Each structure stands twice: as structure tokens, then as C-alpha cells.
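Participant: Every letter in the sequence shown is one number past the one before it in our numbering, and letter 427, counting from 1, is 429.
Got a structure for you, written out below as C-alpha cells; questions coming shortly.
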Amino acid sequence: MARTHILGFPRIGAKRELKFAQEAFWRGEIDEAALRHVAAQLRTTHWQRQADAGVDMAAAGDFAYYDQMLGMSVLLGALPARFGFDARHLTLAQYYELARGNASQPAMEMTKWFDTNYHYLVPELSQDSRFDGGASWFYDEIDQALQQGRTIKPVLIGPITWLWLSKSHQPGFDRLTLLPALAQAYRDILAQLRKRGIEWVQMDEPALCLDLDDRWLDACDSAYAALAECGVKLLLATYFDSAADHAGRAAALPVHGFHIDLVRAPSQLDAWLRVLPAQAVLSAGVIDGRNVWRADLRAILATLAPSHQALGDRLWLAPSCSLLHVPVSLEPETRLDPEIRGWLSFATEKLEELRVLAVALNQGEEAVADALAASDAAQARRRSSRRVVNEQVRRRAATVTPAMAQRRSPFAHRIAVQHEALKLPPLPTTTIGSFPQTAEIRQVRAAYKRGELGALEYLQRIRAEIETTVRRQEALGLDVLVHGEAERNDMVEYFGEQLCGYAFTESGWVQSYGSRCVKPPLIYGDVYRPEPMTVDTARYAQSLTERPMKGMLTGPVTMLQWSFVRDDQPRADTALQLALAIRDEVADLERAGIRVIQIDEPALREGLPLRRGDWNAYLEWAVRAFRIAASVVRDDTQIHTHMCYAEFNDILPSIAALDADVITIETSRSAMELLEGFGAFDYPNDIGPGVYDIHSPRVPTVDAMCRLLTRACQVIAPERLWVNPDCGLKTRGWAETEAALANMVEAAHQLRASLAAEGANALRATAAQVPGDPHPTIRSACGCATH
Ligand code: GLN
Ligand code: ZN
């Protein structure tokens, strides 16, 4: 019998129950016991769903009060010493202080989990790190499931992945020296599970899909050697890409099975079949855990048939990865177009798909003939739907020429005519786009959406907000203004709603970090722009002021990256369609007299494949998409782009290849590192390194910003430099925003004065004496689009 299992279930709850309980706990409205109660109920519900679908081994230990990596750190007892917490007696309040910071300590660093939009908390290690075990929450979960009589497979983040994703701020310290102690801690955990009669344990090792050098591969050997004969069977789980390169080595590890992602990397199946030891299980990840489309069950059965024949009941069936990355259930989606709804499958529906596959394999396809026929029909309907294909869009995409991805003149010429046209001072000041989204403005949008506010009144309210925002910027003395994005709930949804080929769910929430969730739109068909999207707003905003007003658009790669994307054509093709739609908008903005247009691409980096060998192919189409969107304008129209919250230094050539006239970029995490990268690479165009962190209500001093700018002058020619915050200001209040921007403008003025008095060289010399940041800053998520 081919067994079924899942790698994990979304923990947030179909109605985001965990989010609301967490937030109530943070506000002090409920106590720890009440929060635990909500968590236990959610787990029961999720196990029941798995049982209802006949999943043979339910996932346990996949729950987390905030994040599974932090959960693993707690279980190991490996908490950052700077908090001074006793891991064994950790309270939930302290756990959340680790995740969110407290009065004396900044939060643990947070960053993206592989190529997903989920963020984990980075373990902080030093030579003094110990793994003596921590709070018993993980075992409590296991015991809860066992008390309910469930057959479970506990889930742990494996030692290699946990260690790989950790960081140490100790110079020269080699984290791998911690491995023996770490492996011992895992042994202890597995012993606890054996005591409870657990048969299988899933060890998540997605790091095995990365480029690992020999040191790390050796570490993997020795870690798992240390876990041999631990009394439970280990399923080594890889996902998000192929682990075929390491299959031979992995097959020699003393583990009992391997899970592989056959959605992302179907071709790795053969490599694994060749090396799979005689007794070992192969778990085939065949249901897409990263996307929302109904599986083609018949096609999956066809690819599995030979493996099933070869392996018999050593073949297991599973989704490709944890279902954490898809919404919980289609059930509440009553307003979704029924045709499109019929093409979808969220976590709960994926469990059912898994059941059908298992029955078909175990009992023959006749046993699930109806379900297979329904799957076939859904596939056929989607393939032939008129909603999917738009001939005009396809013809246009097919005739894109290289010239369309090329500005008319090189940057040196463009910037000269732009200076002429825009007449900006040196070190021009600007902001990233959004201004505070007050409760009032959010209410106005919500009322309009509910139909309680008429179109005309809504327009007037938004325009009033834009006018105030413009006046405040003028009063502050900013040079290039923005309209403030009051009409936007989310930088992707706002455009998606105006494009054809996009659909929206009501409750399709996916955890992004902690209590924050996103509701990614669905791109189901060819994308096009039926009419201008931002032109009226931009024209109105520009009419209010003599200063240049930036048009504000979301770029094609970010539109793609923060949506669930159709899987029936290459992502590059969808990116191109998005690029053409945005290109038309750019052209219309220019025609409406907008002289500066920003195309945001904060998600450019996160689309990078796991393997470096695949980077170029991605970067090539991603950069081309941006250039097609941007290159339609005249030389004197200035194109800006913006990026934030990612590691940019290793893709600087591609960032330069975007050929935006100006890039504004977040630097709060590590100003020095980023600037050094840009300096060493000799970034050719204008650049605005963020001079203050927008995640904090703290008002930065003029001095602090002057220091940063002076330092920037060291590596970037002052003529190339802009002055701006790190990111959009939508999450801030007006009082702190105005105070911070006033200081920012003052800092720019002071620097302009010293530039005029002493020249660029003098600035460079003083910069050399400016000390670096006293301590590392936090790399946190851009919370703009989360709820
Ligand atoms: N223009 C957007 C804003 O200011 C950019 C947001 C982002 O980078 N995520 O809100
Ligand atoms: Zn940003």
C-alpha cells in the first residue's frame, strides 16, 4: 500500500484564528493559557482534516506560535544569549520578545525562507551556543496528537538546514564546529520521540537543494551518522528544487526514506530511483504545495506507475512541500468566479487529491473513477477556457523586439537632459511612495468597497488626502513628490484588480511572518490592461504642484512574485505580459505630463532559483521584463526603481542592467555592506540609499542621517546620490513621519552646503573617519502588504 502523508499544514487557521489570538495576547487581552487553547484547537482541526482525507500519517510538530525555525531553536535550547532567557522555562511572552524585540533587545533577524514569501527567524549562534534543550512545547504537541489516537509523523527542521540558515556575528567563528553538540541534541529529541512509540520522523532538509560545498556535505554525513540507531525511522525531506546532485551521498546516510519535490524538479525521480537503497522509502512530492491549481491526477498517476511497480509500498505520496504556502480551504470562496474556482485546490482540497491518488494506486483507477473523471474535466475546461487565452496579447508578446527593452540613449546622455528638465538640486530628496495610511483613509477605502460610499464621494476623499499629502511634502521642502498611495490597499492587489487575467480570493490567506498574512491574487489567464490605471490620479497630483510628481507603479517581477501564478506557461511568459501592460501605463503617464516614473521591484531578488546555476536564466527574463516596462519613455523622463529587504550585493550586475535612472534602496540592515557592494561594483546610475529605517517610529537625528550620507559619498559620487527613506511610509503615523522627513531634508541641506563649500573630495576625506554602525541592524520583512 502506497502510504500518504503531508509535510505540514497551514497553522494560521481558516479564519486566521492564530493571528487574532496572537495579537490579542500581545495586547494583553488574553493570557498564555487562552492562546495555548486556541493553538490546541487549531491542531485538532488540522489533524481531523487529514484524518477525513484518509492521510495515513498526520504531520505533527508542524505547528508554531510564530515560526517553525524559532520553534526548532526553542526545542534545541539555542536562544540568542543577549536576551538572557532560560530556554527550558521560556514563556510565550518571552518567545514573542525573541521574535519581535523588547525594550532592551532588537528582535532576532528575520529573512525569507528559501524562495518563498514566508519569513523565518534566523538562529543566532556563537562559540558559546549550547543545545541543552528548551521548553517542551514540541512534545506537548506530539502528546496531544497521541492522546487523540492519531497516527503521526513528527516534523523537525533537520540539523543541516537549521545550521545552514543560522548566523553568527562573531568574526571568524565557524558554525560547523557546533555540529557534534547539535547532533547530540537531535539524538536526545529523537530518543524522546522513540519513548513515545513514534515510528517515523520527518527531517526537513531543504538545504540539500542548494549548492552545498564539501564541508557542508561532510557535515551532513556526520550529523546523520550520529543519528543512526536512534530507534526511530528518519524521512529526509527535501523540497523547493532538485536534490539529485546529492542523491548518491544522501542514499548512503543511515536514514530510512527520502522525500523529493517532483513538482519543482520532476526529472530528479530517475536519479533517486537509481540510488535508492533496497529497504528505503521514496516519498514522491507530487501535489504542488506552492501553488493553488488543481492537480492533473491522471498525469501524476502515469508518471508514478513505473515507480509504484518498482517500489510497491515503499512508494509514499505527498504534497511537494509543506502546505504552509497555500491557503487553508476553498470553502469560503463563494464570490470567486465559479469557473475559476473549479480550477483551484487549496490545502484541504489537496488532501483530497492525495487520497484519490493513493486509492488509484492501491486499488486501481476504477475505485476512484468519478474523482479522476472530474479531475480530467477540470483540466480540459481550464485548457480550453476562453478566459485563459487572449490572442491579441499573445500576438503582441510574440513581436517584442530588442529595441523595446532599450532606452533611446545611454544613461550619461539621459541624466544630462533630465537635469536640464527637472532642475533638481544636488542630493535631491524624495520618498518611496506611500504616506501614512491612517485609520480614516482605510475606513474610506473599506466603505467604498462595501458600497457604502459612492464613487464620487470616494474620489473626493482620496483627492483631499492626496492634496494634504502634497502640501505637507511641499512644506517639508522635498524635491520630488509622490501622491502618497492613499487609494492602494496593497501594491500588487491594486494593479491586479485593474488588469485582466487576475482573480482575487476572499479568504486565501497565507502566513508571511508571525501573525502577518498575505492574500496573493491569482493570475489565471493572459494579462492585459483594459484601460489606464493610475493616470488620472497622477495627473491630479501633478496639477497640485510645480515640483515633479512621481508616477508610482509596481513592476512586472513583483506583480508575478507576490501572486499565485498560472502553471500552464513559463513564468517568463507571464512576466512579459505584465511588462507590456505596465509599459502601456508608463507611456500614458508620460503623455499625461508625468516626468518621473517609479517602477517598484522589491521582489526581484526573491524570485532567484535555489541553484546558482539557474540564476542567469531567471535574471535574464526578469531584467528584460523590467526594461520592457520602462524603456518606452523619452530621454528626459526619469525612471526610478525601488528595492528593499533582501541581499542585493550578489545580483548587482542585474540591478545595474535594469538601467533605471535612479534606484532607491533600503539600507537599514547593514548600510556599510550594501554601500560597499555598490561602491565596489561601481554602480553606474543614480542611487538613493535609504537614510532611515521606516520600521521604527523613532525619529532619526539630522546627525545620524548626515553620517550615513557622508559615508555614502565615500563610495558613490555625490552627483549620483539621492536622499530618501528606506521604504514606503504607509505603516507610520504622520507626526513621526513629518519629524523624520524634516530632519532628512535638513541633513540633505547640510550636506549640500558642505559640498558647495568644500567639494566632493573633502566629503570623501571626512567620510573615511566616520565609524561604522555600533551593532548589526535587523533585516525585517517589508510589512506593507501584510494583514
Ligand atoms: N511604493 C511602495 C510604497 O512606498 C513600495 C513598497 C515596497 O517596497 N514594498 O509603499
Ligand atoms: Zn520597499
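Using N, Cα and C, we set each Cβ at its ideal position, and we do this for glycine too.
Only a predicted model underlies this, so the values are computations on that prediction, with no experimental measurement involved.
#1: Go through the region 629-662 residue by residue and report every complete run of the alpha helix (DSSP H) that reaches 4 residues or more, in order.
#2: Below 7 Å CB to CB, which residues in the same chain sit around Ile-159 once its five sequence neighbours on both sides are set aside?
#3: Between which two residues does the alpha helix (DSSP H) harbouring Ser-377 extend?
#4: Using only the alpha-carbon positions, how far apart do Tyr-694 and Asn-726 sit?
#5: Which first and last residues belong to the beta strand (DSSP E) in which Ser-514 is found?
#6: What number of angstroms, rounded off, separates the C-alpha of Val-124 from the C-alpha of Ala-80?
#7: For a test of the three-state rule: what should DSSP assign to Trp-115, helix, strand or coil?
#8: Give me, in chain order, the residues of the same chain whose beta-carbon lies closer than 7 Å to that of Arg-398; leave out the 5 immediate sequence neighbours on both sides.
#9: Out of Gln-281, Ala-239 and Leu-271, which has the shortest C-alpha to C-alpha gap to His-261?
#10: Threshold first: 4 residues or longer. Then list the alpha helix (DSSP H) segments lying entirely within the region 476-523, N to C.
#11: Roughly how many angstroms separate the alpha carbons of Leu-210 and Val-257, rounded to a whole number?
#12: May I have the straight-line CA-CA distance separating Gln-365 from Ala-632, to the nearest angstrom?
#13: Report the rounded CA-to-CA distance for Ala-304 versus Gln-311, giving the unit in angstroms.
#14: With H, G and I counted as helix, E and B as strand and the rest as coil, what does DSSP make of Pro-776?
#15: Between the beta-carbon of Lys-155 and the beta-carbon of Gln-194, is there less than 8 Å?
#16: Which runs of the alpha helix (DSSP H) at least 4 residues long sit entirely within the region 226-299? Give them in chain order.
#17: Whole angstroms are fine: how far does the CA of Arg-316 sit from the CA of Leu-237?
#18: Tell me the start and end of each unbroken beta strand (DSSP E) in the region 671-704 that is at least 3 residues and wholly inside, in chain order.
#19: Starting from Ala-589 and walking both ways along the alpha helix (DSSP H), at which residues does that stretch end?
#20: In the DSSP assignment, the alpha helix (DSSP H) including Met-554 goes from what residue to what residue?
#21: Going along the chain, which residues of its own chain have a beta-carbon closer than 6 Å to the beta-carbon of Leu-426, five neighbours each way excluded?
#22: Out of Asp-570, Leu-338, Asp-220 and Gln-270, point me to the one whose CA is closest to Ser-386's CA.
#23: Could you tell me which of Ile-302, Ala-95, His-415 and Gly-557 sits nearest to Ala-26, measuring between CA atoms?
#24: Leaving out five residues before and five after Asn-104 in sequence, what residues of the same chain have Cβ atoms less than 7 Å from its Cβ?
#25: Rounded to whole angstroms, what's the CA-CA distance from Thr-539 to Cys-708? Just pull it up for me.
#26: Can you give me the C-alpha to C-alpha distance between Tyr-496 and Ala-371, rounded to a whole angstrom?
#27: Just how far apart, CA to CA, sit His-421 and His-415?
#28: Less than 8 Å between C-beta atoms, sequence neighbours within five positions excluded: which residues of the same chain meet that for Leu-654?
#29: Between which two residues does the alpha helix (DSSP H) harbouring Asp-602 extend?
#30: With burial defined as no fewer than 16 other Cβ atoms inside 10 Å of the residue's Cβ, what is the status of Asp-54: buried or exposed?
#31: In whole angstroms, what separates the C-alpha of Ser-324 from that of Gly-314?
#32: With a threshold of 16 other CB atoms inside 10 Å of the CB of Lys-552, please say whether the residue is buried or exposed.
#33: Any idea if Ser-458 is buried or exposed, counting beta-carbon neighbours within 10 angstroms, 16 or more meaning buried?
#34: Buried or exposed: where does Ser-782 fall if 16 or more other Cβ atoms within 10 Å of its Cβ makes it buried?
Facilitator: In short, the structure shows the following:
#1: 654-659
#2: For this step, residue 159 is matched to residue 157 along the sequence shown. Same-chain partners within the cutoff: Gln-70, Met-71, Met-74 and Asp-206.
#3: Counting from 1 along the sequence shown, the entry for residue 377 is found at position 375. That run of the alpha helix (DSSP H) goes 371-386.
#4: Translated into the one-based positions of the sequence shown, residue 694 becomes position 692. Translated into the one-based positions of the sequence shown, residue 726 becomes position 724. Taking the straight line from one Cα to the other gives about 8 Å.
#5: Mapped onto the sequence shown, residue 514 falls at position 512. Unbroken beta strand (DSSP E) run through Ser-514: 512-515.
#6: The residue labelled residue 124 in the question sits at position 122 within the sequence shown. The residue labelled residue 80 in the question sits at position 78 within the sequence shown. Val-124 and Ala-80: Cα-Cα distance of roughly 11 Å.
#7: For this step, residue 115 is matched to residue 113 along the sequence shown. Trp-115: coil per DSSP, three-state reduction.
#8: By one-based count along the sequence shown, residue 398 stands at place 396. So the list reads Leu-582, once near-sequence residues are dropped.
#9: Your numbering for residue 261 matches position 259 in the sequence shown. Looking at the Cα atoms, Ala-239 is the closest of the given residues.
#10: 495-498
#11: For the purposes of this step, residue 210 is taken as residue 208 along the sequence shown, with counting starting at 1. For the purposes of this step, residue 257 is taken as residue 255 along the sequence shown, with counting starting at 1. One C-alpha to the other measures close to 15 Å.
#12: For the purposes of this step, residue 365 is identified with residue 363 of the sequence shown, where counting begins at 1. For the purposes of this step, residue 632 is identified with residue 630 of the sequence shown, where counting begins at 1. When rounded, the distance between both Cα atoms is 56 Å.
#13: For this step, residue 304 is matched to residue 302 along the sequence shown. For this step, residue 311 is matched to residue 309 along the sequence shown. Cα to Cα, the separation comes out at about 12 Å.
#14: What you label residue 776 is simply residue 774 of the sequence shown in a count that begins at 1. Here the model assigns Pro-776 a pLDDT of 35, short of 50, so the residue's position is not dependable, and the following value carries that caveat. It is coil, neither helix nor strand.
#15: What you label residue 155 is simply residue 153 of the sequence shown in a count that begins at 1. What you label residue 194 is simply residue 192 of the sequence shown in a count that begins at 1. No, the pair does not count as a contact, with Cβ atoms beyond the cut-off.
#16: 249-253 and 270-277
#17: Residue numbering aside, residue 237 sits at position 235 when the sequence shown is read from its first letter. Residue numbering aside, residue 316 sits at position 314 when the sequence shown is read from its first letter. Taking the straight line joining both Cα atoms gives about 12 Å.
#18: 688-691
#19: By one-based count along the sequence shown, residue 589 stands at place 587. Segment 573-593, the alpha helix (DSSP H) holding Ala-589.
#20: On the sequence shown, residue 554 is found 552 positions in, with the first residue counted as 1. Taken as a continuous stretch (DSSP letters only), Met-554 belongs to no alpha helix (DSSP H), being part of the beta strand (DSSP E) at 552-556.
#21: As a working mapping, residue 426 is identified with position 424 in the sequence shown. If we look at Leu-426 and ignore the five residues flanking it on each side, its Cβ neighbours are Asp-481.
#22: Taking the sequence shown and counting its residues from 1, the one referred to as residue 386 is at position 384. Minimum Cα distance to Ser-386 is reached at Asp-570.
#23: In the sequence shown, the residue the question calls residue 26 occupies position 24. Here the closest residue by C-alpha is Ala-95.
#24: On the sequence shown, position 102 is the one that residue 104 refers to. No residues qualify anywhere along the chain.
#25: Counting from one through the sequence shown, the residue named residue 539 turns up at place 537. Counting from one through the sequence shown, the residue named residue 708 turns up at place 706. Spanning the two alpha carbons is a distance of roughly 34 Å.
#26: Counted from its first residue, the sequence shown places residue 496 at position 494. Counted from its first residue, the sequence shown places residue 371 at position 369. Distance between the alpha carbons of Tyr-496 and Ala-371: 42 Å.
#27: Counting from 1 along the sequence shown, the entry for residue 421 is found at position 419. Counting from 1 along the sequence shown, the entry for residue 415 is found at position 413. One C-alpha to the other measures close to 10 Å.
#28: Along the sequence shown, read from residue 1 onward, the residue named residue 654 stands at position 652. Only Gly-679, Phe-680, Phe-683 and Tyr-685 meet the Cβ criterion.
#29: Position 600 of the sequence shown, counted from the start, is the residue given in the question as residue 602. Note, Asp-602: premise wrong, no alpha helix (DSSP H); beta strand (DSSP E) at 598-602.
#30: Within the sequence shown, the letter at position 52 stands for residue 54. Asp-54 is exposed by the Cβ-count criterion.
#31: Counting from 1 along the sequence shown, the entry for residue 324 is found at position 322. Counting from 1 along the sequence shown, the entry for residue 314 is found at position 312. Looking at the two C-alpha atoms, the distance is approximately 24 Å.
#32: For the purposes of this step, residue 552 is identified with residue 550 of the sequence shown, where counting begins at 1. Lys-552 is buried by the Cβ-count criterion.
#33: Translated into positions along the sequence shown, residue 458 becomes position 456. For clarity, residue 458 is Leu in the given sequence; the question names Ser instead. With fewer than 16 other Cβ atoms within 10 Å, it is exposed.
#34: By one-based count along the sequence shown, residue 782 stands at place 780. For Ser-782, the predicted structure reports a pLDDT of 40, less than 50, and the residue's modelled location is therefore unreliable. The matter cannot be settled from this model.
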